[in-house]
Amino acid sequence: MKKIIALILALCMALSLSSAALAEDSRGTIMWLSNLSSGIQFETTRDYLKALCDKMGYQFTIVYGDGYNDAAGNLTAVSNGMTSDVVGIIVSQDGGLASIMEQYPDVYVAGYNTDMTSVYGEGGANAAVLTKEHFLGTICDGFQDGANMGHQYFNAIVEKGYKRIAVINFPGYAYPNQISAVNAFTADLETYNAAAADDAKITLVGEPLTLEFQPLADSFFLEDGMDNLDCIVAFCAGLQFVYPTMQTAKVNGFCRADTQMITGGFDNNADIIADIGSAADGKSIGWICISPAEDPAYALVLLDNAISGSQFADFAVERVDSASYIIDSTEKINAAMTKGMVGSGDITLAQVSVDEVLQLCTRFNPDATFAGLKALFASEKVMSDALLK
Amino acid sequence: MGEKTAAAPRAWLSKHSAQAAAYSGLAMCLILFTILTPIFGESIWSAQELHTLMQNVIVLALMSVGAVFVYSLGSMDISIGKQIGLYATLTVILGNTTGSILAGLALSLIISVIIGAVNGAAGELLHIHPVISSLVFQMVLSGISSVTYNSVGSRNVALTSIDVSFFRQTWVMVLALVIEVLVVSYLFNYTKLGKNAKAIGANPVAASQSGINLIRYKIIAYIIMGVCIVAASLFQMGYTASASDSTGTGFEMNVMVALILGGMPLSGGMRSRVSCAVVGSFTYALLDVGLPMLGVAANQVFVIKAILFLVVVVLTCRKKSGTLPR
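Line by line, the protein sequences are chains A and B.
Start counting the first sequence at 59; every next residue gets the next number (our numbering).
Start counting the second sequence at 634; every next residue gets the next number (our numbering).
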């Protein structure tokens, strides 16, 4: 019995010493409040942030935000994962942000992949964080103004030459940006049609459909004109909510075989990857737009500067747009899968390497500026075209 | 004599196996986290972690304690989560309108009594399992929530004019839980309400033939749970001073898991105890708070909880009658 107790005590001491040693080497822990828990985007972000944190001298931990971005769920996730050495949080969900910052006032917070509508929107539930010194802003998933997304999608429609289209989006109470996007899209469509010749006009078949977070119903393609579409414009997560139904409808003959979809988001499922390209090649996904996989570095740089007490001289708390990583051809998807981090998940293929990220921090490069950081993350360097060169 | 002495503990253990497993589970968690958490960083007994623990436990425990009455009948209510969401939303919206949480609280209590009465009576009057009527309420409340947040134009609403940080104080949470446990324990153990509820759960036919009014006691049981849910919704809302369309989602399952972890027989009856709710809720919350402190990744916490849940179910099930604790 004595031996067992001695063994347990020795084990405890060893654990204690090793954890103390780890704590001494670390500059603290960076927590990521993730909006994802699996998939290529999650894995890539996790690995990239881990590599960056290792290089910068931080521990890295992940907590999983509430599946519905519920304030209490997010706060609970952060509270349960919180330890005294957490010095910064990268949040990918904004629900409960004010409560999180109230409960942990000494921890710096920067956003990634969230447009923080509840912070920046009118009467936002978390607007209070804008008064907090430890809040560092966010890099959105796409555009902060949904209208820009609408314009972008409309330009893609014109460029691809689609003539008969349908629009699908998520409800406005959950994604107010998508309503702005749909409104801007339809306004652009009207303007375009007013000036276009008859044979160049684009027809919006039916009214824009709002999906209540359920997959598109099979009956969609039975409605008048929906079996004869050039393209479905899915502002919602089309790969998840529209694509499977569309493929089933094609198999059953309810949807034209060459109908395409344009949408946002990425999935490295082999069937989906193989189905990206032009309609002439029999592909169903004509255009997808995602945020660069390197975006998390933006938030980490701001955190590192703040933690080091050497924030950029020209820093201002801002919500910045993400660059658009557009994949609309076989060539581009092949490049993304083999030469880019976004498709391969290989962090050595990051378009902003770990060493380059260090040079964005004032701790490693005193000449680094906020303007430089923003310019880099809006530049072609993080876009898909860079891989083709 | 010797045989009798040896048989006594075995008989006790056999009779109280569920309780023994539940209590030993909680004790194990307490011992494990007390010893190990200081080694990995800070103690689970630090003020900050105790606060986190109470935040984790308070809503679940308040709901579970109230649900003991319903579970002791051999029933369950799967509209709990949506009720929490509705009451929290009402409290926030009416709070912003009137400048006080009292209006929301009063309306929530009225609704909870109505829902409780319908849920309690429907089973007997319509000869359906009470879970069916609670399923109907779950759907209705989902619809109300969807319409409400659609009209608000946002997925969440925040209290803007009232300070509800009171509900986040550790001592307030402890006090509320203690009061609720004392009141419910009294009602459950020392009044006809609890005794008849257990009798109905044990054998409704016998209970009915003994003169117990099934409808009456079922309605009362559901109303008691409803009032406890309103209390829980106050803390849920107070946690972030807000509510959203997903507030309360899945809470009914958490209540079920907590009660089973605490050794509650799902068929109700005489083995039902208020302590099951308290023990189960604390075990559940301790795992949520303690495991990450030991360096367990957040996604692995779910797996460990699932395994422990399975172990408790296996340990506490009656071999003759099936796989669930009865």
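Think of the CB as a built atom: it goes at the ideal place given N, C-alpha and C, for glycine as much as any other residue.
### Message
Please state whether the Cβ-Cβ distance between B:A694 and B:L810 is less than 8 Å.
### Response
yes
Worksheet entry | Burial state of B:N829, where buried means 16 or more other Cβ atoms lie within 10 Å | buried
ask   = Bridge partners of A:E376, per DSSP?
value = A:G195
Measure the alpha-carbon distance for B:C662 versus B:D921 and round it to whole angstroms. 11 Å
query: Are the C-beta atoms of B:R643 and some chain A residue less than 8 Å apart?
result: no
(Q) Cutting at 6 Å between CB atoms, please list the residues of its own chain near B:S708, excluding the five before and the five after it. (A) P763
ask   = If we count Cβ pairs, one from each stretch, closer than 8 Å, do we get three or more for the stretch 136-148 of chain A versus the stretch 877-889 of chain B?
value = no
Just to confirm my understanding: we take A:H209, look at its own chain, exclude 5 residues before and 5 after, and list those with CB closer than 7 Å. What are they? A242, D246
Review point. So does the stretch 905-925 of chain B actually touch the stretch 673-688 of chain B, counting three or more Cβ pairs closer than 8 Å?
Key: yes
Query raised in the report: Taking C-alpha atoms, which residue in B:I853, B:K938, B:S705 lies nearest to B:A750?
Result: B:I853
Helix, strand or coil for A:T119 per DSSP?
strand
Notebook entry, point to check: Using CA coordinates, which residue listed in A:A258, A:T244, A:G230, A:A252 is at the minimum distance from A:L269?
Noted result: A:G230
Does chain B have any CB closer than 8 Å to the CB of A:L358?
no
*Segment limits, beta strand (DSSP E) that includes A:S92*: 87-92
*Backbone CA spacing between A:I197 and B:L706 [nearest angstrom]*: 53 Å
* Find out if the Cβ-Cβ distance for the pair A:E389, A:L446 is shorter than 8 Å. => yes
Note to self: Among the candidates A:D413, A:I385, A:E352, A:G398, whose CA atom is the shortest distance from the CA of A:Y106?
What the structure shows: A:E352
Fill in: A:Q210, DSSP secondary structure in three states
helix
For B:A939, would you say it is in contact with chain A, using Cβ-to-Cβ distances shorter than 8 Å as the test? no
By how many angstroms is the C-alpha of B:F915 removed from the C-alpha of A:G322?
42 Å
- Task: Measure the alpha-carbon distance for B:V945 versus B:A655 and round it to whole angstroms.
- Result: 7 Å
Flag B:N729 as yes if its beta-carbon sits less than 8 Å from any beta-carbon of chain A, otherwise no.
no
Completely contained alpha helix (DSSP H) runs for the stretch 141-171 of chain A, where each covers 4 or more residues | 155-161
Given B:V937, which residues of its chain have a CB within under 8 Å of its CB, disregarding the five upstream and five downstream residues?
Note that residue 937 of chain B is Ile in the sequence shown here, rather than Val. Around B:I937: L920, L924, V929.
Under 6 Å Cβ to Cβ from A:A78, same chain only, skipping five residues before and after it: list those, please.
In this predicted model, A:A78 has a pLDDT of only 49, less than 50, meaning its place in the structure is not dependable enough to derive any value.
Below-8 Å beta-carbon distance, B:D796 vs any chain A residue:
no
Which residues in chain A sit within 9 Å of B:Y872, going by Cβ to Cβ distance? A129, A130, L133, T134, G154, S157
- Query: Using 8 Å as the Cβ pair cut-off and three pairs as the minimum, do the stretch 308-320 of chain A and the stretch 274-290 of chain A touch?
  - Reply: yes
- Query: A:Y250 lies in the alpha helix (DSSP H); which residues open and close that run?
  - Reply: 234-253
Is B:A653 near the ligand ATP, in the sense that its beta carbon is under 7 Å from a heavy atom of that ligand? Within the structure as shown, the ligand ATP is missing, as the structure has no ligands at all.
What are the residues in the stretch 679-692 of chain B lying within 7 Å of chain A by C-beta distance? T685, Q688, N689
**Asked** Going along the chain, which residues of its own chain have a beta-carbon closer than 6 Å to the beta-carbon of A:T317, five neighbours each way excluded?
**Response** L287
Would you kindly work out how many angstroms separate the C-alpha atoms of A:P273 and A:V167, rounded to a whole number? 34 Å
**Prompt:** What is the rounded straight-line gap between the Cα of A:S238 and the Cα of B:Q688?
**Reply:** 38 Å
Discussion item. Quick check on A:P163: buried or exposed, where buried means 16 or more other Cβ atoms within 10 Å of its Cβ?
Written reply: exposed
* Asked: Taking 8 Å as the CB-CB cut-off, is A:I147 touching chain B?
  -> no
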